[in-house]
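A.B. asks: Residue numbers (this note's numbering): 1308 to 1536.
Just dropping this structure here.
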C-alpha cells in the first residue's frame, strides 16, 4: 500500500496495514489522509472487493480519483457521490466500500460519510470504545448514490478509529458480534495512537485473519501556547 498523504499538524494520525498471509504484498485495502483548507483533514479507509493484484490495481484507481475529487474541498458525502459516479462508468472496476471522515480541529467537529463500510469507533478519555452511527450508502461503483453525512463533536483526548472489515470480521461470526469484540477492549487512559493500534491488532488477533487489514487512528493535537480566556 502506498504511503498516505500527511495531515495538518493540528491532527495526530497513526496507520497500520497488514496484508493477508506472509507473502502477499498487495491488496485492495487502503488508508489516506488529504489536507483541506482551513486546517481540516480528510481521513479515508477503503476496501476493494476481492484480493490480489487485480484488487490492488482498482484500489490505486479509486485512490487516485479520490485525491482528485477531494481537492475540490467538497463535503464527504459529495466526494463519495462523485467517486461512485466515476467508478460506475468503468464496468470492469470492482466495487469498493469506503469511509470518509473530515476533521475540523478548529471547530472540534468530524463529519463522516460511508459507502457500504463498517462504522468508525471513538475511544473516550476513559479508554472505552463506542461506534459512531453513520448512515450507510451503497458501495462505490454501483452508480446508486444516496450518501448522507453525519457530524459529531470531537473532543481533545478522544481517538477516532477507522478500519477495514479484515480487522474485526471472522468466519462464521455475526458482524455485530465482531464489532462488540472491538467495543469490549479497554484501552486505558493514557495510550498513544501507536499503542492503541497495537492493542487492537493484538486483542483481535488481526495478524492471522483471512483478509487484508487497514486501520487508522486520529486524535486532535493539543494547541500550544496560551489560549484565550
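Even for Gly, the Cβ is constructed at its ideal location relative to N, Cα and C.
The model shown is predicted, which means the values in this text are computed figures rather than measured ones.
In chain order, which beta strand (DSSP E) runs of at least 3 residues are fully inside the region 1312–1377?
C.D. replies: Complete beta strand (DSSP E) runs here, min 3: 1318–1325, 1336–1342 and 1348–1355.
A.B. asks: Just to check my reading of the structure: residue 1439 and residue 1427 have Cβ atoms closer than 8 Å, yes? What is that Cβ distance to the nearest angstrom?
C.D. replies: One-based indexing of the chain shown puts residue 1439 at position 132. One-based indexing of the chain shown puts residue 1427 at position 120. 5 Å between Cβ atoms; contact.
A.B. asks: Just the C-alpha distance for residue 1572 and residue 1484, rounded to the nearest angstrom, thanks.
C.D. replies: One cannot answer for residue 1572 here, as it falls past the ends of the chain, which runs 1308 to 1536.
A.B. asks: Looking at C-alpha atoms only, which residue of 1367, 1405 and 1347 is the closest neighbour of residue 1412?
C.D. replies: As a position in the chain shown, residue 1412 is number 105, starting the count at 1. That would be 1347, whose Cα lies nearest to the Cα of residue 1412.
A.B. asks: For residue 1392, which option in 1454, 1471, 1334 and 1320 has the closest C-alpha, if you only look at C-alpha atoms?
C.D. replies: Here residue 1392 refers to the residue found at position 85 of the chain shown. It is 1454 whose Cα lies nearest to the Cα of residue 1392.
A.B. asks: Would you list, in sequence order, the uninterrupted beta strand (DSSP E) runs of no fewer than 3 residues that lie entirely inside the region 1409–1474?
C.D. replies: 1416–1422, 1428–1430, 1436–1438, 1457–1460 and 1466–1470, all fully within the region 1409–1474.
A.B. asks: Could you spell out where the beta strand (DSSP E) holding residue 1526 opens and where it closes?
C.D. replies: For this step, residue 1526 is matched to residue 219 along the chain shown. Per DSSP, residue 1526 belongs to the beta strand (DSSP E) from 1520–1527.
A.B. asks: Less than 7 Å between C-beta atoms, sequence neighbours within five positions excluded: which residues of the same chain meet that for residue 1511?
C.D. replies: If you number the chain shown from 1, residue 1511 lands on position 204. 1474, 1475, 1488 and 1489, listed in sequence order.
A.B. asks: Going straight from the alpha carbon of residue 1519 to that of residue 1480, what length do you get?
C.D. replies: One-based indexing of the chain shown puts residue 1519 at position 212. One-based indexing of the chain shown puts residue 1480 at position 173. Taking the straight line joining both Cα atoms gives about 17 Å.
A.B. asks: Between which two residues does the alpha helix (DSSP H) containing residue 1394 stretch?
C.D. replies: Residue 1394 sits at position 87 when you count from the first residue of the chain shown. Residue 1394 -> alpha helix (DSSP H) spans 1383–1395.
A.B. asks: CB residue 1404 to CB residue 1354, shorter than 8 Å?
C.D. replies: Along the chain shown, read from residue 1 onward, the residue named residue 1404 stands at position 97. Along the chain shown, read from residue 1 onward, the residue named residue 1354 stands at position 47. Yes, the pair counts as a contact, with Cβ atoms nearer than the cut-off.
A.B. asks: Can you tell which of 1420, 1343, 1477 and 1431 has its C-alpha closest to the C-alpha of residue 1377?
C.D. replies: Here the question's residue 1377 lines up with position 70 in the chain shown. Of 1420, 1343, 1477 and 1431, the residue nearest in Cα terms is 1343.
A.B. asks: Using alpha carbons as the reference points, say which of 1395, 1371, 1421 and 1468 lies closest to residue 1508.
C.D. replies: By one-based count along the chain shown, residue 1508 stands at place 201. Selected option, being the one with the closest Cα: 1468.
A.B. asks: By the DSSP assignment, the alpha helix (DSSP H) with residue 1487 in it spans what residues?
C.D. replies: For the purposes of this step, residue 1487 is taken as the residue at position 180 of the chain shown. 1482–1490 is the extent of the alpha helix (DSSP H) around residue 1487.
A.B. asks: Tell me, which residues are paired with residue 1403 by DSSP?
C.D. replies: Translated into positions along the chain shown, residue 1403 becomes position 96. According to DSSP, residue 1403 bridges with 1355 and 1447.
A.B. asks: Between residue 1357 and the rest of its own chain, which residues show a CB-CB distance below 7 Å, the 5 nearest in sequence each way excluded?
C.D. replies: The residue given as residue 1357 occupies position 50 in the chain shown. Correct list, in chain order: 1335 and 1401.
A.B. asks: Please state the DSSP three-state secondary structure of residue 1493.
C.D. replies: For the purposes of this step, residue 1493 is identified with residue 186 of the chain shown, where counting begins at 1. Reduced to three states, the DSSP call for residue 1493 is strand.
A.B. asks: Within this structure, are the beta carbons of residue 1419 and residue 1446 separated by less than 8 Å?
C.D. replies: On the chain shown, position 112 is the one that residue 1419 refers to. On the chain shown, position 139 is the one that residue 1446 refers to. Not closer than 8 Å, so no.
A.B. asks: With the cut-off set at 8 Å, would you say residue 1409 and residue 1451 are in Cβ contact?
C.D. replies: As a working note, residue 1409 is residue 102 in the chain shown. As a working note, residue 1451 is residue 144 in the chain shown. No, these two residues do not count as a Cβ contact at 8 Å.
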